[in-house]
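Just add 154 to wherever you are in the sequence shown, counting from 1, and you've got this note's numbering. Built from N, CA and C at the ideal position, the CB exists for glycine as well. Encoded as structure tokens, the structure appears first; notes follow it.
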Amino acid sequence: MSPAARKKSPLRLWPGVALLVILWIFRLLPRVLEDPPMQLMIAAFYGSMISSVLILLWWVAASRATWRERVFGLLGFLALAVIGFYVGHPTLRGLGTFGVIQWGTSAFVVGLLASRFLRPERRAVIGLIAAGLAFGYWTLVRMDGVWGGDFRAERSWRWSLTAEDEYLAARGGRAGRSSPDSSLDLPLAQAEWPGFRGPRRDGVVRDLTLAEDWEARPPRELWRIQVGPGWSSFAVAGRRIFTQEQRGELEAVVAYDAATGSQLWAHEYPSRFFEAMGGAGPRATPTLARGMLFALGAEGYLHRLEPETGAVVWQADLRVEARREPPIWGFASSPLVVDDVVIVHAGGEGDRGVLAYGVDDGRLRWGAPAGGHSYSSPQLSRVAGELSVPVATDRGLALYDPADGSVVWKYDWQIRDYRALQPLFIDDSTVLLSSGQGVGTRRLDLRRDGSGLAFEERWTSRGMKPDFNDYAVHEGSLYGFDPNILACVDLETGERRWKGGRYGAGQLLLLPTASQLLVIAEKGDLVLVRATPERHEELTRMKVFAAKTWNHPVLVGDRLYLRNAQEAVALEMPLG
């Protein structure tokens, strides 16, 4: 081609612009839809990534640029992407890398569009400058996790202190110690809130009514403290509350004074779990049982501690017993104590799916097969007249005999991803099982026949599609998050009665005596909602936290204990 021809050679831009539009349709569509199915979100992720690759292929094969431009532009873009990857903050690696590349390819096309009337030797330079600015921006920020439901990223300037940095700086070198206060010496064997979601792991607070006018009688803040990151809830016994958190390179099980928020003791040990979407810290909640305290860390360390002092009785490592590494979002199984064993889901191969350790010595008593991907916890339920331990995983639901781990019954409902909700037993013959990630909730009716347990699939409802946000049943209706909007489903038919209240990936408690739902929204609002199938009726609300809140609330009498990955607070709630 002659120099004159090269000077006048226009780019064929419309394929690149079309691919750019398609890329951003894929990126934005799940955000503008109220209830995007998981299949659409997966398609949007892969569609936008494929569009980025096609943009580069268009540039090389169909842009009508000179070959010198094409080679220079492609190699320059790849060099910028590699530099951005290594210079960028570690939290943007992994899934975040794909988003950064999409911004880079978008800027490259915009730069080419803006320079379309310039000489060929300048067009690729302008495109690379635009891409470099995009990559450069992403080297200046870090990802602080995502919001549940729509997976929008939280971003901050990379040089700014994280909430964990500020917490560690405020703590300095302080260590916890036991308090001599004799008023703390209450029976730990009779914990009011022994662990995850309460005594029955169902998030139900019985025989309590909250006042419904918080303007006239607002909740009173008793104390507020900084805590390390983690998604644990609380166990409560008298004036002791127990939780788990991350403290730099140390994972910690901590006891606080329920009256003042002061630390009583902390058991810290070397362990740090981090992944970019959920952040750092433990996921499970400590368990109190018969005066013993158990806690499972996100990397798999299972401890029995003395609840009065935090002294270690024994420690086990799930990674060794289950012969696996932590799942993508960490070990999250809150320990369950039944008789003389403590049971956790580990997700190992073969008979290393569910593990039971002796409470006295920490030795493995039995192992049983289970699905490998679950963030649910074992619970003790009466099913068809007999006590068993249900565990929900990606394979479905299985019931185990706590004495030896034998599988009493199992229901296969394989899903691609994970299960995180507790199976909800309405009575000893009816259970609700959520699929997670947008598929729906299924009702199973169980009965005992000559060959064991049989079941009937009553319905599967897409009207309730929670991710990791547990639900509750009240007077024939199911209340929960679909997936980040509160919803009500008829228990007999599975049909949705109403949907309203954008509380994000929040959590809730049911107060059946008063037909009330106490919701802690993902953005930190505390909301009281009427539990009625007629309509969504928000009674009152108040702001508690400014940061993302995924932790389960705890209500003991008129004391409400809340936390997120930055703060913990105790409120005195007005009673009705």
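Partner residues in the beta bridge of residue 512, as assigned by DSSP, are 495. If only uninterrupted beta strand (DSSP E) runs of at least 3 residues are considered, those enclosed by the region 654-713 are 661-665, 670-674, 679-684, 691-697 and 708-710. Looking only at 294, 406 and 301, the smallest Cα-Cα distance to residue 314 is reached by 294.
By alpha-carbon distance to residue 395, the top candidate from 384, 409, 377 and 402 is 409. The three-state reading of DSSP puts residue 259 in helix, counting H, G and I together.
With a 10 Å radius around the Cβ and a threshold of 16 neighbouring Cβ atoms, residue 186 comes out exposed. Within the DSSP secondary-structure output, residue 448 pairs in a beta bridge with 441 and 458. Around the Cβ of residue 168, a 10 Å sphere holds fewer than 16 other Cβ atoms; the residue is exposed. When 481, 230 and 500 are compared, the shortest CA-CA separation from residue 520 is found for 500. For residue 171, the enclosing alpha helix (DSSP H) begins and ends at 168-186. Only exposed fits residue 216, as fewer than 16 other CB atoms lie within 10 angstroms of its CB.
For the pair residue 617 and residue 625, the Cα-to-Cα distance works out to about 13 angstroms. Look at residue 618 here: in three-state DSSP terms it is coil, with no helix or strand label.
Pairing residue 722 with residue 378, the inter-Cα distance amounts to about 6 angstroms. Residue 435 is not a Cβ neighbour of residue 480, given a cutoff of 9 angstroms. Residue 550: member of the beta strand (DSSP E) spanning 550-554, first to last residue. Ranked by how close their Cα comes to the Cα of residue 470, the residues 478, 461 and 450 have 450 in first place. If you draw a straight line from the Cα of residue 698 to the Cα of residue 351, it comes to about 20 angstroms. In the three-state reduction of the DSSP assignment, residue 521 falls in the strand class, which pools E and B. Between residue 255 and residue 266, the gap from beta carbon to beta carbon reaches 9 angstroms or more.
Pairing residue 725 with residue 438, the inter-Cα distance amounts to about 23 angstroms. Straight-line measurement puts the Cα of residue 240 at about 45 angstroms from the Cα of residue 460. DSSP places residue 596 outside any alpha helix (DSSP H); the residue lies instead in the beta strand (DSSP E), whose first and last residues are 595-603. About 32 angstroms separates the beta carbon of residue 257 from that of residue 705, a gap too long to meet the 8 angstroms contact definition. The alpha-carbon of residue 251 is positioned some 10 angstroms away from that of residue 243. Here residue 297 carries a strand assignment [DSSP, helix/strand/coil].
Runs of the beta strand (DSSP E) lying entirely within the region 227-290, each at least 3 residues long, are absent. The Cβ atoms of residue 646 and residue 615 do not sit closer than 9 angstroms to each other. Per DSSP, the unbroken beta strand (DSSP E) holding residue 581 starts and ends at 578-581. Distance from the CA of residue 576 to the CA of residue 446, rounded to the nearest whole angstrom, comes to 23 angstroms. DSSP lists no bridge partner for residue 393. DSSP places residue 624 outside both helix and strand once states are collapsed to three, so it counts as coil. The beta carbon of residue 687 is closer than 6 angstroms to those of 631, 642 and 651 in its chain, skipping five residues each way along the sequence.
Secondary structure of residue 504 (DSSP, three-state): helix.
Counting along the chain, residue 406 sits inside the beta strand (DSSP E) bounded by residues 404-411. Under DSSP, residue 453 takes part in no beta bridge, so it has no partner.
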